[in-house]
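K.L.:
For the sequence shown, the working numbering assigns the number 160 to the initial residue and increments by one for each residue that follows.
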Amino acid sequence: MTSGFSVDEAKKDIYQIGFHVIENPALGSAFEQMTKDEVAFDISSDTGFEFCFKFVLSEPRVKETLDALGDDLGSRFILGYCGGIPADPNRIYSFRAGGDKPHLLLVHAWPRNSSSVYYCGLHSEEVPKYTSDNNLLRVLGPDANSFTGKELGYDGNDKRHPLADGGLVIWDARAAFRSLRKWSYFYVFVEEEQLKEWKETREFWKKGLSIPASQDPDYVARLGVYVQRDEAS
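Printed below as a string of structure tokens:
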């Protein structure tokens, strides 16, 4: 177990409030530099794959948390999608409309000097959600106001909160967040049995993730990534 980290506390946070915060200044600095240099974050690129491998796939706190939550479901979590979200103070986003178990988890990377709000407990309540123009789900402000918002990064008065120097939020896709400052990048992990079902029934999940030509597909798949395969393979 990583020093100073409790997987039981991480699980408790995700089950009770919907998310768990992992501070990582090295990630925050790397994210900031990659953005400044305008290099790719997508896992299909060498730079994006390296970032994902270093700060997500091989990060012990992430692995321990996902493994423990997978064990609770009698399964494991597979990385099936990734993407970026620009700051938009006027929108509250979610990734899943309902369900009684956390079959979909996000590992959400934030750079230094970001600002965001995650809504405690929203994942376990029936809250109206609407499809947005970017295909994410939106929660309207009045519907989110009955939940406590946890500020991360910097608030409107430039007061420091957890993640001020960057890091990750592992969260239940039924939860919701608002990005107030800085672009962020997310990794979607799907419970394996759920992924098998969705591959048969949902076009979005049929292909998997494209990875760099420099990487061995079998090795990357063993890391827990849903790798796009050629028809011949």
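Glycine included, C-beta positions come from ideal geometry on N, C-alpha and C.
In this text the structure is predicted, and so the values were computed from the model without any measurement.
Quick check for students: name the residue ranges of the beta strand (DSSP E) that lie wholly in the stretch 213–274, counting only runs of 3 or more.
P.N.:
You should have 236–244, 251–253 and 263–269.
K.L.:
Compare the C-alpha of S217 against each of M193, L186, D231 and D230 and name the closest.
P.N.:
Answer by Cα proximity: L186.
K.L.:
Answer with buried or exposed for D389, where buried requires no fewer than 16 other C-beta atoms within 10 angstroms of its C-beta.
P.N.:
Under this definition D389 is an exposed residue.
K.L.:
For Y385, does the count of other Cβ atoms within 10 angstroms reach 16, so buried, or fall short, so exposed?
P.N.:
Classification of Y385: buried, given that the 10 Å Cβ count is 16 or more.
K.L.:
What are the boundary residues of the beta strand (DSSP E) that Y313 is part of?
P.N.:
Careful: Y313 lies outside any beta strand (DSSP E) and carries neither H nor E.
K.L.:
Between the stretch 317–334 and the stretch 241–258, are three or more C-beta pairs nearer than 8 Å?
P.N.:
Yes, they touch.
K.L.:
Counting contacts by CB-CB distance shorter than 7 Å, is F208 in contact with chain B?
P.N.:
In the structure shown, chain B does not exist; there is a single protein chain.
K.L.:
So which of D167, E191, S305 and R361 has the shortest CA-CA distance to A323?
P.N.:
Of D167, E191, S305 and R361, the residue nearest in Cα terms is E191.
K.L.:
Determine, using beta carbons only, whether V180 and P321 come nearer to each other than 7 Å.
P.N.:
In contact: V180 and P321 (Cβ atoms closer than 7 Å).
K.L.:
Are three or more beta carbon pairs between the stretch 278–285 and the stretch 172–179 nearer than 8 Å?
P.N.:
Flag = yes, the stretch 278–285 and the stretch 172–179 touch.
K.L.:
Going by DSSP in three states, Y344 sits in which element: helix, strand or coil?
P.N.:
In this structure, Y344 counts as strand in the three-state DSSP scheme.
K.L.:
By a C-beta neighbour count over all protein chains shown, 10 Å radius and 16 as the cutoff for buried, is S369 buried or exposed?
P.N.:
S369 should be labelled exposed.
K.L.:
Take E285 as the anchor and find which of K171, A303, H262 and K341 has the nearest alpha-carbon.
P.N.:
Here the closest residue by C-alpha is A303.
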